[in-house]
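Numbering (my numbering), first residue to last: 2 to 396.
Cβ coordinates follow ideal geometry from the N, Cα and C atoms, glycine included.
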């Protein structure tokens with residue numbers, strides 16, 4: 002809005018200055034120098050400074066398995082000071098396995114597993130998939146009236162029996178007597194296992210213990226994020242003991258267990274209200290509200306479609322090292338943009354006065370329009386060359 006009017010004004014002043022002050026060939030010199038000002042001030046370099054860096058930066062990210070959807074995300078990632086992460090599938094492999102089955106009453110472990118797997122086979126939750134895998138090779142039954150409550154559990158009818166499977170809060174809300182389950186609550190969590198509680202026709206019947214291994218790349222990624230000054234907060238729908246074990250093992254700054262999807266989004270809002278720039282990383286449907294609320298939403302590449310659609314960054318490899326790379330890429334790209342803008346403005350600050358003829362009284366030097374055009378092209382080439390350096394940026 003201001004660059005073009007200023008350049009035109011300088012060109013007009015140059016024309017009249019040469020026209021009235023030149024001793025000879027006044028009109029010719031006035032026209033040549035005025036045109037040289039317009040040519041050398043062409044804002045090509047300014048126009049290329051930002052988009053070239055962004056284009057190369059996003060390409061560099063893609064080559065490293067970090068897919069960035071738009072420039073605003075690339076700019077914001079540099080400013081992130083709090084990273085909120087889900088546990089299952091983000092910090093851990095997201096492929097839990099059933100390590101123990103404890104039944105109550107007359108239920109055998111095999112019967113309990115078949116009922117649970119029959120119910121869970123229509124769910125896409127990682128814990129559900131683990132239960133189904135544990136029942137591999139067994140004959141499963143059809144399920145009807147299936148319903149899932151995000152962050153709590155599932156219910157359905159199998160073999161004319163109403164099966165509830167989820168956390169203690171879910172069973173309690175369904176009016177199940179959970180006294181004997183509560184007595185067992187501390188034991189499952191001592192080793193970091195996740196407990197799934199099952200009730201059949203309103204009676205507490207079984208506890209499934211599941212273990213999900215931490216990704217090999219997660220500890221180093223958390224360490225590097227801390228070195229970058231980013232606070233890491235874990236939010237999980239899992240139980241307290243399992244969450245505490247993972248948080249302690251990884252040195253996570255803060256964690257909350259038993260968190261529902263809507264509560265995750267509310268927690269992100271609270272962080273933002275406190276002045277933080279928040280990134281949220283997750284992979285499941287339960288994470289979608291928080292991913293959409295965060296300043297930067299980051300989805301694991303193996304996550305759900307809803308999670309991926311809610312985010313501005315997708316990590317193809319599905320590990321937190323991608324977040325470290327995204328943060329470093331953002332910083333490198335924004336630094337490159339600032340360098341390009343300095344080059345472009347410096348070029349115009351030096352080139353326009355020379356084209357106007359300020360050196361003529363001292364050195365007798367005038368810049369022809371052809372040389373001005375060559376200099377203008379050189380400035381654009383320098384900006385492009387600087388942007389291309391991002392392809393070799395160390396992430």
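Beta-bridge partners assigned by DSSP to residue 46: none are found.
Across the set 333, 10, 265, 124, the C-alpha of 265 shows the shortest separation from the C-alpha of residue 287.
Between residue 92 and residue 86, the gap from beta carbon to beta carbon is short of 8 Å.
Ranked by Cα distance from residue 108, the first of 212, 378, 204, 296 is 204.
Note: residue 165 is bridge-paired with 156, 200 in the DSSP secondary-structure output. Excluding its 5 nearest sequence neighbours in each direction, residue 62 has C-beta neighbours in its own chain below 6 Å: 69, 330, listed in chain order. Residue 15 and residue 31 have their C-alpha atoms roughly 7 Å apart. Of the residues 66, 26, 5, 78, the one whose Cα lies closest to the Cα of residue 229 is 78. Distance from the CA atom of residue 255 to the CA atom of residue 153, rounded to whole angstroms, is 22 Å. At a Cβ-Cβ threshold of 8 Å, residue 212 and residue 97 count as neighbours. In its chain, beyond the 5 residues on either side, 88, 89, 195, 258, 259 have a beta carbon closer than 8 Å to the beta carbon of residue 239.
The straight-line gap separating the alpha-carbon atoms of residue 380 and residue 353 is approximately 13 Å. Ranked by how close their Cα comes to the Cα of residue 285, the residues 308, 249, 80, 335 have 308 in first place. Between residue 243 and residue 269, the beta carbon gap of about 22 Å keeps them out of contact (Cβ cut-off 8 Å).
For residue 81, there is no enclosing alpha helix (DSSP H), as DSSP marks it with neither H nor E.
In the DSSP assignment, the residues bridged to residue 280 are 84, 297. Residue 376 has its alpha-carbon roughly 14 Å from the corresponding atom of residue 367. One thing to note: residue 345 has its Cβ no nearer than 8 Å to the Cβ of residue 73.
Inside the stretch 219-250, DSSP marks whole beta strand (DSSP E) runs of 3 or more residues at positions 232-236, from first to last along the chain.
The Cβ atoms of residue 81 and residue 272 lie no closer than 8 Å to each other.
By the neighbour-count criterion, in which a residue is buried when 16 or more other Cβ atoms sit within 10 angstroms of its Cβ, residue 364 is exposed. Taking the Cβ atoms as the reference, residue 222 lies roughly 4 Å from residue 321, within the contact range of under 8 Å. Counting along the chain, the unbroken alpha helix (DSSP H) around residue 22 starts and ends at 4-22. Residue 155 sits away from residue 139, with the two beta carbons spaced by 8 Å or more. The Cβ neighbour count for residue 19, taken over all protein chains shown within 10 Å, is at least 16; the residue is labelled buried. Under the 10 Å beta carbon count, residue 362 is surrounded by fewer than 16 other beta carbons and is classified as exposed. In the structure shown, residue 144 falls within a strand segment according to DSSP collapsed to helix, strand and coil.
For residue 212, the secondary structure class from DSSP, reduced to helix, strand or coil, is strand.
For residue 334, the enclosing alpha helix (DSSP H) has its first and last residue at 322-357.
Going by DSSP, residue 101 is part of the beta strand (DSSP E) stretching over 98-104.
Taking a C-beta distance under 8 Å as the contact criterion, residue 393 and residue 325 do not qualify as a contact pair. The criterion of a C-beta distance shorter than 8 Å is not satisfied by residue 158 and residue 148. Cβ atoms of residue 283 and residue 300 come within 8 Å of each other, at about 7 Å. Beyond the five residues adjoining it in sequence on each side, residue 234 comes within less than 6 Å, by CB distance, of 85, 255 in the same chain, given in chain order.
The beta carbon of residue 170 lies closer than 8 Å to those of 153, 259 in the same chain, with the five residues before and after it left out.
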